[in-house]
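Structure record follows, encoded as structure tokens.
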């Protein structure tokens, strides 16, 4: 379960207000020395804090596990922050022109210099700083270890430090002064994404990686923090009094201070909770210069507002209120629900949780669930359903095709994903890229994949008697597969062909399959082959053969609240349907007796009826065989008969018993899929998996 660090959250706001202080000098009217010590020294923890937070939540997880999921999270962050940066540059373009930073004479090279290293307005350097720094660290981590990147970030910080607060010393050494003068031609400041950011990103990542090992108590951490803060204040006094400080963003003691500060924040759990804290702190950071302009303009008329502390408070409070107002506007826009849908699937998270809980009651304590989400999660929306499952501690998924697996990865599903079907070896690189586990369905196929010389994660599928896909159940053949150089075989499984029936023939066949599978595992063990995880039972295997214990079960149809049919099972399970299909009433009219309804001539009204049209048809997965077959839809407490033939996009229903129904109201078309399957003379699996892609998805909690 994701841990929420309340101390980090609250300090986001504190740090944002520190940045506001750095740009307004709140103590200047009282004592410039206070600004020197507090604003330009103590408050310099603000921006490194934001860098470390990115390191902790993004770089750290990737350094720990360089999977597609964590790499994609970093890419998405970079894309998002780049878009924000572009918008903010455009927002402040008029101010940048007014203060002379940008003009018609600004060259392309100068534009690039500002956008990559400097800024177009004084506070915008954070954005290129975090973008360049994250890109650098992310790129390096692809090729070298985290420790190497961390050690590299230290000399980079030292180079930046000597061009920042310690520049007064460097300036006295002619050769170094010349080198830095050349450097300043490329970047006006060294507090940028190349020199400043990487160390704090790595420091945050380091704390993430070592978070379980830190054993120092809060008192000890507080003592170290106070000592290092005092030392940094001494450093600041020393530099400001004896040398020319080119800038004061970087101090020698700052990384040490940040290390202990961040540890304290990780241990701090304040009771105060601020909603949307991440977006709020970012907005305060972005818009406070606009508030400064407003307060400055007013203070020229009302001179008492020039008192520095009041000036700061007005800017800080104004920025906070304006940010809150903007967030409220954004939230209201998000609440506007799309009402133009024709038909939708409604997924109940409570039902999903219930079914997971019930399945766990049926399986051994050490056995885990592989959620089968093939065929668009049995019609329940592949991505949305997998997200619900992952939030409920299901960490392994099975799909039919590589494209289903890729779709899950692109939706940021981070659990293991097993591809049950065959993947063309030409797409082997995609298996690596998206961190998918491929089923080995034959010895020949395994050798074809191995020939690609890629480190592919695999499970061996064994044909124990179903004779569909799978490696023949020969110990020598399977041993040869485990000996192939490039296949990372992490598991072995099979599929039961008759576990859904309890008749004697089905039981004999299933017991034989289970015996073949167990014997293979024993033979592999005797040959000292680590065969990995095991799984053979699907939904009916769980209910009818629960005495067998393996590492996983593959829960399919039962995870959605149904069984395939009404066949009896050895054990009973209490399931809740997770999905309802709803549509809207788009038309209603009285049709006289003797009139023919819909396509064909078969449906002739004996009496005048109120006929409604709902926005769903067989193209949405509603079987056409339900036409005039006793099928009914639900509206409140009424069951409304379907009439006429089901059309591609619409269906006719008899509304005579509920004349009050209004246009645009919802009716529940499908909720009991087993009943519909019986009417359609098929199994529940088929009825559900036929649901069309035009259905929108709503999740209820």
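Residue numbers (UniProt numbering): 1 to 701.
Positions of the beta carbon are idealized from the N, C-alpha and C atoms, including for glycine.
Here the structure is a predicted model, which means the values were calculated and not measured.
Exercise. For the segment 192-244, which segments carrying the alpha helix (DSSP H) assignment without a break, of at least 4 residues, lie completely within its bounds, in sequence order?
Worked result: Counting only runs of at least 4 residues, the segment 192-244 fully encloses the following alpha helix (DSSP H) elements, listed from N- to C-terminal order: 197-209 and 218-242.
For this session: On the DSSP bridge assignment, give the partners of residue 642 in chain order.
Result: Residue 642 sits at position 642 when you count from the first residue of the chain shown. For residue 642, which the question treats as bridged, DSSP gives the partners 653.
Exercise. At which residue ranges does the segment 410-481 contain complete beta strand (DSSP E) runs of 3 or more residues, listed in the order of the chain?
Worked result: 416-419, 437-440 and 456-463
For this session: Output the distance between the C-alpha atoms of residue 443 and residue 628, rounded to the nearest integer angstrom.
Result: Numbered from its first residue, the chain shown carries residue 443 at position 443. Numbered from its first residue, the chain shown carries residue 628 at position 628. One C-alpha to the other measures close to 51 angstroms.
For this session: Drop a sphere of 10 angstroms on the beta-carbon of residue 103, count the other beta-carbons inside from all chains shown, and report buried for 16 or more, exposed for fewer.
Result: Here residue 103 is taken as the residue at index 103 of the chain shown, counted from 1. When all chains shown are included, residue 103 counts as exposed.
For this session: Could you check what DSSP says for residue 347 in three-state terms: helix, strand or coil?
Result: Sequence index remark: in the chain shown, residue 347 carries index 347 (1-based). Residue 347 falls in the strand class under three-state DSSP.
For this session: Specify the secondary structure class of residue 493 as computed by DSSP and reduced to three states.
Result: As a first step, residue 493 must be located in the chain shown, where it is residue number 493. If DSSP states are grouped into helix, strand and coil, residue 493 belongs with the strands.
Exercise. Name the DSSP beta bridge partners of residue 668, please?
Worked result: Here the question's residue 668 lines up with position 668 in the chain shown. Partner(s): 582 and 634.
Exercise. Between which two residues does the beta strand (DSSP E) containing residue 553 stretch?
Worked result: By 1-based counting over the chain shown, the position of residue 553 is 553. 552-555 is the span of the beta strand (DSSP E), which, as asked, contains residue 553.
Exercise. If you check the beta carbons only, do residue 614 and residue 669 fall under 8 angstroms apart?
Worked result: Your numbering for residue 614 matches position 614 in the chain shown. Your numbering for residue 669 matches position 669 in the chain shown. It is a contact, given that the beta carbons lie within the stated cut-off.
Exercise. Going by the beta-carbon positions, is the gap between residue 208 and residue 61 smaller than 8 angstroms?
Worked result: Within the chain shown, the letter at position 208 stands for residue 208. Within the chain shown, the letter at position 61 stands for residue 61. Closer than 8 angstroms, so yes.
For this session: Look up residue 366 in the DSSP assignment and say whether it is helix, strand or coil.
Result: Taking the first residue of the chain shown as position 1, residue 366 is located at position 366. The answer is coil: DSSP assigns residue 366 none of H, G, I, E or B.
Exercise. Using DSSP with H/G/I as helix, E/B as strand and the rest coil, what is residue 266?
Worked result: Stepping through the chain shown from its first residue, residue 266 is reached at position 266. Note: residue 266 maps to helix in three-state DSSP.
Problem set entry | residue 43 to residue 574 span [Cα, whole Å] | What you label residue 43 is simply residue 43 of the chain shown in a count that begins at 1. What you label residue 574 is simply residue 574 of the chain shown in a count that begins at 1. Residue 43 and residue 574: Cα-Cα distance of roughly 58 angstroms.
For this session: Leaving aside the five residues before and after residue 1 along the sequence, list all residues of the same chain whose C-beta is less than 8 angstroms from its C-beta, in chain order.
Result: Position 1 of the chain shown, counting from 1, holds the residue named residue 1. Note that residue 1 scores a pLDDT of 46, beneath 50, so its modelled location is shaky; the value from the coordinates is reported in the next line. Within the same chain, residue 1 has close Cβ partners 393.
Exercise. Cβ of residue 619 within 8 angstroms of Cβ of residue 692?
Worked result: For this step, residue 619 is matched to residue 619 along the chain shown. For this step, residue 692 is matched to residue 692 along the chain shown. Yes, they are a contact pair.
Problem set entry | Closest residue to residue 626 among 656, 242 and 687 (Cα-Cα distance) | Taking the chain shown and counting its residues from 1, one reaches residue 626 at position 626. Of the candidates 656, 242 and 687, the one whose C-alpha sits nearest the C-alpha of residue 626 is 687.
Exercise. So what's residue 681 in DSSP terms, helix, strand or just coil?
Worked result: By one-based count along the chain shown, residue 681 stands at place 681. Here residue 681 sits in coil by DSSP.
Exercise. Sorted by chain position, which residues of the same chain lie with C-beta nearer than 7 angstroms to residue 63's C-beta, five sequence neighbours on each side aside?
Worked result: Translated into positions along the chain shown, residue 63 becomes position 63. The answer, listed in chain order, is 141, 146, 205 and 209.
For this session: With a threshold of 16 other CB atoms inside 10 Å of the CB of residue 74, please say whether the residue is buried or exposed.
Result: What you label residue 74 is simply residue 74 of the chain shown in a count that begins at 1. Residue 74 is buried by the Cβ-count criterion.
For this session: Starting from the C-beta of residue 268, find all residues in its chain whose C-beta is less than 6 angstroms away, skip the five residues before and the five after it, and write them out in chain order.
Result: Here residue 268 refers to the residue found at position 268 of the chain shown. Taken in chain order, the residues that qualify are 7.
For this session: Whole angstroms is fine: what's the gap from residue 228's alpha carbon to residue 257's?
Result: Counted from its first residue, the chain shown places residue 228 at position 228. Counted from its first residue, the chain shown places residue 257 at position 257. Using only the alpha carbons, I get a separation of about 6 angstroms.
For this session: Could you tell me the distance, in whole angstroms, from the CA atom of residue 570 to the CA atom of residue 558?
Result: Start at 1 with the first residue of the chain shown, and residue 570 comes out as number 570. Start at 1 with the first residue of the chain shown, and residue 558 comes out as number 558. Each residue's alpha carbon lies about 15 angstroms from the other.
Problem set entry | Nearest to residue 496 (by Cα), restricted to the options 554, 131 and 367 | Start at 1 with the first residue of the chain shown, and residue 496 comes out as number 496. The candidate whose alpha carbon is nearest that of residue 496 is 554.
Problem set entry | Option in 127, 416 and 288 with minimal Cα separation from residue 17 | Counting from 1 along the chain shown, the entry for residue 17 is found at position 17. Closest option to residue 17, judged by alpha-carbon separation, among 127, 416 and 288: 288.
For this session: Please determine, among 5, 240, 550 and 445, the residue with the shortest C-alpha to C-alpha distance to residue 166.
Result: By one-based count along the chain shown, residue 166 stands at place 166. The shortest Cα separation from residue 166 among 5, 240, 550 and 445 belongs to 240.
Exercise. Is it right to say residue 428 is buried, meaning 16 or more other beta carbons lie within 10 angstroms of its own, or is it exposed?
Worked result: In the chain shown, counting from the first residue as 1, residue 428 sits at position 428. The residue is buried, with at least 16 neighbouring Cβ atoms inside 10 Å.
Exercise. With a cut-off of 8 angstroms, do at least 3 Cβ pairs link the segment 264-284 to the segment 216-228?
Worked result: yes
Exercise. How should residue 642 be labelled, buried or exposed, when 16 other C-beta atoms within 10 angstroms of its C-beta is the threshold for buried?
Worked result: Working through the chain shown from its first residue, we reach residue 642 at position 642. By the neighbour-count rule (16 or more Cβ atoms within 10 Å), residue 642 is buried.
Exercise. Excluding the five sequence neighbours on either side, which residues of its own chain have a C-beta within less than 6 angstroms of the C-beta of residue 190, listed in chain order?
Worked result: If you number the chain shown from 1, residue 190 lands on position 190. Taken in chain order, the residues that qualify are 160, 163 and 164.
Exercise. What do you reckon, are the CB atoms on residue 556 and residue 598 nearer than 8 angstroms?
Worked result: By 1-based counting over the chain shown, the position of residue 556 is 556. By 1-based counting over the chain shown, the position of residue 598 is 598. No; because the gap between Cβ atoms is not below 8 angstroms, this pair is not in contact.
Exercise. Thinking just about the alpha-carbon of each residue, which of 194, 182 and 132 is nearest to the one in residue 154?
Worked result: Taking the chain shown and counting its residues from 1, one reaches residue 154 at position 154. Checked all of 194, 182 and 132; the closest Cα to residue 154 is 194.
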